[in-house]
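Peer 1: To convert a position in the sequence shown, counted from 1, into our numbering, add 1. In this text, a Cβ means the ideal position worked out from N, Cα and C, and glycines have one as well. It should be emphasised that the depicted structure is a prediction, and the values quoted were computed from it without experimental measurement.
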Amino acid sequence: QVQLVESGGGLVQAGGSLRLSCAASGITRGINRMGWYRQAPGKERELVAVITDGGITNYADSVKGRFTISRDNAKNTVFLQMNRLKPEDTAVYYCNVLHGPYLTNYWGQGTQVTVSS
2 QVQLVESGGG
12 LVQAGGSLRL
22 SCAASGITRG
32 INRMGWYRQA
42 PGKERELVAV
52 ITDGGITNYA
62 DSVKGRFTIS
72 RDNAKNTVFL
82 QMNRLKPEDT
92 AVYYCNVLHG
102 PYLTNYWGQG
112 TQVTVSS
């Protein structure tokens with residue numbers, strides 16, 4: 002049973018920082034890509050940042066230069082350091098993992114990030 006456990010969300014003022022973490026359990030190896038998506042009220046879920054098992058990263062244009070994604074392969078954990086947060090970053094942030102030869106998709110339960118102006 003694969004589980005993704007997220008932590009680190011919360012309320013922060015504009016210009017502040019938060020660090021999200023997501024630990025994957027039930028997987029011993031074979032994680033291809035880990036990442037973060039977000040969904041704001043009334044909007045579709047969108048990619049924030051992803052990182053491959055080789056360390057290649059991809060970011061949404063809206064977060065480039067402010068957010069940094071990293072991962073600890075030994076612990077199957079992915080992090081999202083979010084700096085210079087803006088009110089428009091307010092959303093539920095979801096951890097995502099692609100696993101195995103068939104790229105099975107797994108999602109975390111989501112963590113709320115609220116940025117006040």
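I think GLY9 touches ARG20, with their Cβ atoms under 8 Å apart; what is that distance to the nearest whole Å?
Peer 2: 5 Å between Cβ atoms; contact.
Peer 1: Using a Cβ-Cβ cut-off of 7 Å (strictly less than) and excluding sequence neighbours within five positions of TYR38, which residues of its own chain qualify?
Peer 2: So the list reads ARG46, GLU47, LEU48, VAL49, TYR95, ASN97, once near-sequence residues are dropped.
Peer 1: Enumerated in chain order, which unbroken segments of the beta strand (DSSP E) with a length of 3 residues or greater are wholly contained in the stretch 5–74?
Peer 2: Segments of the beta strand (DSSP E) lying fully in the stretch 5–74: 11–14, 19–26, 32–40, 47–53, 58–60, 68–73.
Peer 1: Between ASN84 and ARG67, which are expected to be in contact by the criterion C-beta below 8 Å, what is the C-beta distance as a whole number of angstroms?
Peer 2: Going by Cβ atoms, the distance from ASN84 to ARG67 rounds to 5 Å, so yes, they are a contact pair.
Peer 1: How is the beta strand (DSSP E) around VAL79 delimited, first residue to last?
Peer 2: First-last of the beta strand (DSSP E) with VAL79: 78–83.
Peer 1: Please state if the CB of VAL93 and the CB of ILE70 are separated by a distance shorter than 9 Å.
Peer 2: Taking 9 Å as the Cβ cut-off, ILE70 and VAL93 do not qualify as a contacting pair.
Peer 1: Any idea which residues DSSP pairs SER117 with across the strands?
Peer 2: According to DSSP, SER117 bridges with GLN14.
Peer 1: Just to confirm the assignment, what range does the beta strand (DSSP E) spanning LEU99 have?
Peer 2: Counting along the chain, the beta strand (DSSP E) containing LEU99 begins and ends at 92–100.
Peer 1: Which residues mark the beginning and the end of the beta strand (DSSP E) in which TYR107 is found?
Peer 2: Element bounds for TYR107: 105–108.
Peer 1: Closest to LEU1 by CA distance: which of SER22, VAL13, VAL6 is it?
Peer 2: The structure shown has nothing for residue 1, since the chain only spans 2 to 118.
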